[in-house]
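Below is one structure, written out as structure tokens, with a few remarks after it.
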Amino acid sequence: LWICLDSQNELSSHNGEKWTLLGFQTENPETDFRGMGILSLENLVYFAESHTKLAQSMLSASHHPSKWYPFAVTGIHLTKLSYNLVLKGYLKYQFYNMSSSASIQDFNEFYCRCYHFSFRYTFNSFHKFWTKHPRDIMQFNKYCDDFASKLKCLLLDVNCRLCLPEDKI
44 LWICLDSQNE
54 LSSHNGEKWT
64 LLGFQTENPE
74 TDFRGMGILS
84 LENLVYFAES
94 HTKLAQSMLS
104 ASHHPSKWYP
114 FAVTGIHLTK
124 LSYNLVLKGY
134 LKYQFYNMSS
144 SASIQDFNEF
154 YCRCYHFSFR
164 YTFNSFHKFW
174 TKHPRDIMQF
184 NKYCDDFASK
194 LKCLLLDVNC
204 RLCLPEDKI
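For the sequence shown, position 5 (counting from the first letter as 1) is numbered 48 according to my numbering, and the numbering increases by one without interruption.
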């Protein structure tokens, strides 16, 4: 995660002030993962490795004084949102619409790819939603709830595909 997002600066230890530059709340990123564990780490790493320029651009923009938000913590929060969308069936059209056919052998890979595309789309869309206007970080949860409501409405469309133009499915 560190190498993809901040390859210019060497990380000297697993704990340290530099982690807050990526949007973790403390110098020990492990504490932020308590909410969604390995899934949130996997999502952040996937996003940073597979879409490095986009992730770096979003991280840089997240440092803007009037549009600041904690990048990594937001990714963890959006992992929880994405996970709950799967559990409550909101992503079913997304999964159905991503492929004309998927065999049993490649179902797991296909399912993970759909989920990761959905996470990436959600993170990028939230970033655009947040940075469109100056926001008050103290109202973060309210804005997240507003964003989630809009996303759920979008996901009710049977033709929904949460992909960015460059995605190859």
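Using N, Cα and C, we set each Cβ at its ideal position, and we do this for glycine too.
Check your understanding: Assuming residue 100 and residue 114 make a contact with CB atoms under 8 Å, what is their CB distance in whole Å?
Key -> Actually they are not in contact, since the Cβ atoms of residue 100 and residue 114 sit about 11 Å apart, beyond 8 Å.
Exercise for review: Look up residue 78 in the DSSP assignment and say whether it is helix, strand or coil.
Suggested key: Correct three-state label for residue 78: coil.
Practice item. State the Cα-Cα distance for the pair residue 151 and residue 134, rounded to the nearest angstrom. Key: 16 Å
Review point. Does the region 165-172 come close enough to the region 117-124 that 3 or more CB-CB pairs lie under 8 Å?
Key: yes
Practice item. Mind checking which residues open and close the alpha helix (DSSP H) that includes residue 201? Key: Taken as a continuous stretch (DSSP letters only), residue 201 belongs to no alpha helix (DSSP H), as it is neither H nor E.
Review point. Which of helix, strand or coil does DSSP assign to residue 60?
Key: coil
**Study point:** Terminal residues of the alpha helix (DSSP H) in which residue 127 lies
**Key:** 114-130
**Study point:** Straight-line gap, residue 52 to residue 62 (C-alpha atoms, nearest Å)
**Key:** 11 Å
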